[in-house]
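To keep things clear, I will list the structure first and then write my remarks on it.
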């Protein structure tokens with residue numbers, strides 16, 4: 001697992017240079033009680049990758065990349081205020097934002113699945129990544145992406 005200890009927030013697009021798996025581990029550190037616990041996040045991702053390799057016999061990094069590609073929304077809606085009325089307008093999503101949203105949706109889905117559940121976060125993350133890579137609607141991230149795109153389509 002990469003752990004570069006890089007300062008990616010210094011400049012505007014520098015986080016695009018950060019390895020994608022490290023971005024995944026960093027986003028697992030969110031949520032008050034997990035802040036700053038990188039070692040825990042690295043262990044979760046490593047364990048999830050082992051589970052993915054056992055379940056699918058594929059390269060887990062490739063599965064993660066496929067999942068990120070599949071659950072990044074292509075279209076979103078933004079608020080546009082004009083003459084005192086606020087309406088929503090459909091807009092295309094930039095490539096970097098697609099990656100950011102995909103990673104966020106995957107980690108939120110894994111965290112919500114493991115909450116009040118016997119399954120560990122690693123098992124839930126592995127399941128989420130596999131389902132998202134397949135494009136299955138069992139994945140939280142795929143459901144959210146479809147919902148965002150449906151809302152954007154209605155606001156065209």
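In the UniProt record's numbering, the protein residues as written are 1 to 156. No residue lacks a Cβ here, since even glycine has one placed at the ideal position from N, Cα and C.
Checklist entry - According to DSSP, is residue 89 helix, strand or coil? => result Here the question's residue 89 lines up with position 89 in the chain shown. Of the three classes helix, strand and coil, the one that applies to residue 89 here is strand, per DSSP.
Next on the checklist: According to DSSP, residue 75 sits in a beta bridge with which residue or residues?
Outcome noted: If you number the chain shown from 1, residue 75 lands on position 75. For residue 75, which the question treats as bridged, DSSP gives the partners 92.
Next on the checklist: Relative to the C-alpha of residue 126, which candidate in 16, 9, 63, 31 has its C-alpha closest?
Outcome noted: The residue labelled residue 126 in the question sits at position 126 within the chain shown. Of the candidates 16, 9, 63, 31, the one whose C-alpha sits nearest the C-alpha of residue 126 is 63.
Checklist entry - If we call anything under 8 Å between Cβ atoms a contact, is residue 66 one with residue 141? => result Here residue 66 is taken as the residue at index 66 of the chain shown, counted from 1. Here residue 141 is taken as the residue at index 141 of the chain shown, counted from 1. Not a contact, by the Cβ cut-off of 8 Å.
Checklist entry - Which residue spans inside the UniProt domain "Small ribosomal subunit protein uS7" (11-156) form an unbroken alpha helix (DSSP H) run of at least 4? => result 20-28, 38-56, 60-70, 95-114, 121-134, 140-154
Item to check | Cβ distance (whole Å) where residue 31 is taken to contact residue 111 below 8 Å | outcome: Taking the chain shown and counting its residues from 1, the one referred to as residue 31 is at position 31. Taking the chain shown and counting its residues from 1, the one referred to as residue 111 is at position 111. Contact holds; Cβ gap of about 7 Å.
Checklist entry - Taking the C-alpha atoms as reference points, what is the distance between residue 2 and residue 61? => result Translated into positions along the chain shown, residue 2 becomes position 2. Translated into positions along the chain shown, residue 61 becomes position 61. So the two alpha carbons sit approximately 12 Å from each other.
Checklist entry - Buried or exposed: where does residue 95 fall if 16 or more other Cβ atoms within 10 Å of its Cβ makes it buried? => result By one-based count along the chain shown, residue 95 stands at place 95. Under this definition residue 95 is an exposed residue.
Item to check | Rounded straight-line distance, which links the Cα of residue 27 to that of residue 41 | outcome: For the purposes of this step, residue 41 is identified with residue 41 of the chain shown, where counting begins at 1. For the purposes of this step, residue 27 is identified with residue 27 of the chain shown, where counting begins at 1. Taking the straight line joining both Cα atoms gives about 9 Å.
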